[in-house]
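Asker: Just so you know, we're using our numbering here: the sequence shown kicks off at 531 and counts up by one.
So that we are looking at the same thing, I have put the structure below in structure tokens.
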Amino acid sequence: MGENAKIKVSTLQRVTADWLKQLEPNLFVTYTFEEAVSYDRAMKIFGTHVHSLRGELFGRRSKRLIPMVPVIEMYERGSSYGSLLMPSDGTHIHCAYRLPGQPDDYKEVIRRTWTQADNTCGNPDVYCRNSDGWYRELNTDSDAGNVIGYMLKTCAMDTEAVLWKFVSFRQ
């Protein structure tokens, strides 16, 4: 996304972005699927991943929440939607996190818990070959603002793409 690019932002996107900035994220992760999946299936798989990740970070019986905002893109809305996608345009989830300590400390555990969540989860080593673009540390408020704006690009008219079940600002 170019710095000089002007993007039309709806009032809903602006208000939602202002609210989500309160999360103060320090990490942006893009999770991919090997194929188009439905919204419900993506949410279930993401839940499996989050449960495993929370266990890895805080212990298996922990009730602590991981501060996060996940947004799904390119999910299958009907039987023919998946056939319209290019292989590289499968379902994916962008997630902004606020993790304790240094976000880079969690890269491998996040990759591992994601790929183990379901056989349709795309491995970043394959889908982002020779790139760490799937895992981006956010060091400034500007980084966080840009990421939140990018995540909300599909939310011009509604916030259906936000996986509200997993949104948390507290631990």
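No residue lacks a Cβ here, since even glycine has one placed at the ideal position from N, Cα and C.
This one's a predicted model, so the numbers in the text were calculated from it and none came from an experiment.
Under three-state DSSP, which class holds A626?
Answerer: Strand, per DSSP.
Asker: Would you kindly report the start and end of the unbroken beta strand (DSSP E) that includes M478?
Answerer: Because the chain in this structure spans residues 531 to 701, residue 478 falls outside the shown range and cannot be described.
Asker: Alpha carbon to alpha carbon, how far is R591 from H581?
Answerer: Each residue's Cα considered, the two are about 10 Å apart.
Asker: If you pair each beta-carbon of the region 631 to 648 with each one of the region 556 to 576, do three or more pairs fall below 8 Å?
Answerer: With a cut-off of 8 Å, the region 556 to 576 and the region 631 to 648 count as touching, because enough Cβ pairs lie within range.
Asker: V539 bridges to which residues according to DSSP?
Answerer: For V539, which the question treats as bridged, DSSP gives no partner whatsoever.
Asker: Does A547 come out as helix, strand or coil in the three-state DSSP assignment?
Answerer: If DSSP states are grouped into helix, strand and coil, A547 belongs with the helices.
Asker: My assumption, with CB atoms under 8 Å, is that T689 sits in contact with T546. Please give the rounded CB distance.
Answerer: Their Cβ separation, rounded to whole angstroms, is 6 Å, which keeps T689 and T546 in contact under 8 Å.
Asker: Count the C-beta pairs between the region 619 to 629 and the region 545 to 560 that are closer than 8 Å, then say yes if the count reaches three, no if not.
Answerer: Because the criterion of three Cβ pairs below 8 Å is met, the region 619 to 629 and the region 545 to 560 touch.
Asker: What's the gap between the Cα of V567 and the Cα of E603?
Answerer: Straight-line Cα distance between these residues: approximately 10 Å.
Asker: Take F699 and list the residues in its own chain whose beta-carbon comes closer than 7 Å to its own, dropping the five residues that flank it on each side.
Answerer: Correct list, in chain order: Q552, L553 and P597.
Asker: Residues in its own chain within less than 7 Å of K695 by CB, not counting five upstream and five downstream?
Answerer: If we look at K695 and ignore the five residues flanking it on each side, its Cβ neighbours are M573.
Asker: For R628 and N556, I'd like the C-alpha separation in whole angstroms.
Answerer: If I take the Cα positions, the gap works out to 5 Å.
Asker: State the Cα-Cα distance for the pair T643 and P654, rounded to the nearest angstrom.
Answerer: C-alpha separation (whole angstroms): 12 Å.
Asker: Quick check: D634 and E667, are their CB atoms within less than 8 Å of each other?
Answerer: The answer is yes: Cβ separation under 8 Å.
Asker: Given a cut-off of 8 Å, decide if L550 and V639 are closer than it, judged by their beta-carbon atoms.
Answerer: No. Outside cutoff.
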